[in-house]
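**Student:** Going letter by letter, the sequence shown gives residues 795 to 1035 in my numbering.
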Amino acid sequence: MVDILAIGAHPDDCEIFMGGSLLYWKQMGKTLAVCDLTGGELGTYGSEEIRKAELNRAKELMGLELRHTLDIPDGHIRNNQENQLKLIEIIRKLRPEVIFSHSDRLIRHPDHRHCGELVKESAFLSGIEKIKTQSPHFRPSALIEFPELTIDKKPDFVIDISDFWEQKVELIRCYGTQVTLAGEDDKKTKTLLRSNAFWDILKARSVQAGAMIGVQYGEPFYSRNPLRIEDPLTVFKRGLK
795 MVDILAIGAH PDDCEIFMGG SLLYWKQMGK TLAVCDLTGG ELGTYGSEEI RKAELNRAKE
855 LMGLELRHTL DIPDGHIRNN QENQLKLIEI IRKLRPEVIF SHSDRLIRHP DHRHCGELVK
915 ESAFLSGIEK IKTQSPHFRP SALIEFPELT IDKKPDFVID ISDFWEQKVE LIRCYGTQVT
975 LAGEDDKKTK TLLRSNAFWD ILKARSVQAG AMIGVQYGEP FYSRNPLRIE DPLTVFKRGL
1035 K
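1) Across which residues does DSSP place Gly802 in a beta bridge pair?
2) Helix, strand or coil for Phe1015? Go by DSSP, reduced to three states.
3) Please report the Cβ distance between Glu883 and Ser929, rounded to the nearest whole angstrom; I am assuming they are in contact, meaning their Cβ atoms lie under 8 Å.
4) Here's the rule: buried if 16 or more other CB atoms are within 10 angstroms of the residue's CB, otherwise exposed. What is Thr832?
5) Please return the same chain residues whose Cβ sits closer than 7 Å to the Cβ of Ala1041, not counting the five positions on each side in sequence.
6) Quick check on DSSP: helix, strand or coil for Thr927?
7) Relative to the alpha-carbon of Asn877, which residue among Ile866, Ile995 and Ile955 has its alpha-carbon at the smallest distance?
8) Tell me which same chain residues have a C-beta within less than 8 Å of the C-beta of His931, skipping the five on either side of it?
9) Under a Cβ-count criterion, where at least 16 other Cβ atoms within 10 Å of its own Cβ denotes burial, should Arg861 be classed as buried or exposed?
10) According to DSSP, is Ser895 helix, strand or coil?
11) If we call anything under 8 Å between Cβ atoms a contact, is Ala827 one with Leu849?
12) Distance check for Glu842 and Ile871, CA to CA, integer angstroms please.
13) Would you check if the distance between the CB atom of Lys820 and the CB atom of Met856 is smaller than 8 Å?
14) By the 10 Å Cβ neighbour count, where 16 or more other Cβ atoms means buried, how is Ile1023 classified, buried or exposed?
15) Consult DSSP for Glu939 and reduce its assignment to one of helix, strand or coil.
16) Rank Lys824, Ala803, Gly814 and Gly813 by C-alpha distance to the C-alpha of Asp797 and give the top, closest one.
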């Protein structure tokens, strides 16, 4: 059993979109797991073997209880029964209180959108007793979505990752085939991810989200359900006014 399960379409997705939050919750003593739907084998840079080694480095740095690759073919994530049953078994086995994943809205990378659709339906179906897998039925309390690199609407909540920003950068740089390293020349790059512009956009995203709650860096999230707030003074107190 884990407190939080983060599900990404590819290795590095969870680190990019919510790596700071995972590091923060780990320090709080929460139990964490990550499920990557694919091995990212269609990536422009890096082989399947290299990407697996990068993933293992990130897993160690994050201190995860478990990291599992579902081995759905990269570029072919679909919300179908076969994939639902695979993911349902993971959810039932880990029994997370909360799941985080991509949005299922129309976004740039189709794998991200299909991942959001698959996770949303699988999280619900996991609670249906008559759907049989190796583990007993279970439904998480909440499904939370993270946006893409650009924040196109006001988030429902933001996690302060100011104390974990440098660690998040280090975590993402475990994927050396996918992103540029400090001071690396990116003039011959073929992808936005493996460019210095990516770091500028990621930092701008984090600064923008942080500014919404009065802190230096933040990570934005969307909830389909209203949030239960027990202490409004803690939740709404701003660092800068």
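For glycine and all other residues, C-beta sits at the position ideal for the given N, C-alpha and C.
**Tutor:** Well, looking at it:
1) Asp830, per the DSSP bridge assignment.
2) Three-state result, Phe1015: strand.
3) 6 Å
4) buried
5) As shown, the chain starts at 795 and ends at 1035. That puts residue 1041 outside it, with no answer to give.
6) DSSP places Thr927 outside both helix and strand once states are collapsed to three, so it counts as coil.
7) Of Ile866, Ile995 and Ile955, the residue nearest in Cα terms is Ile866.
8) Result list for His931: Arg886, Ser920, Gly921, Ile922, Glu923 and Ile925, in chain order.
9) buried
10) strand
11) no
12) Spanning the two alpha carbons is a distance of roughly 17 Å.
13) yes
14) exposed
15) strand
16) Lys824
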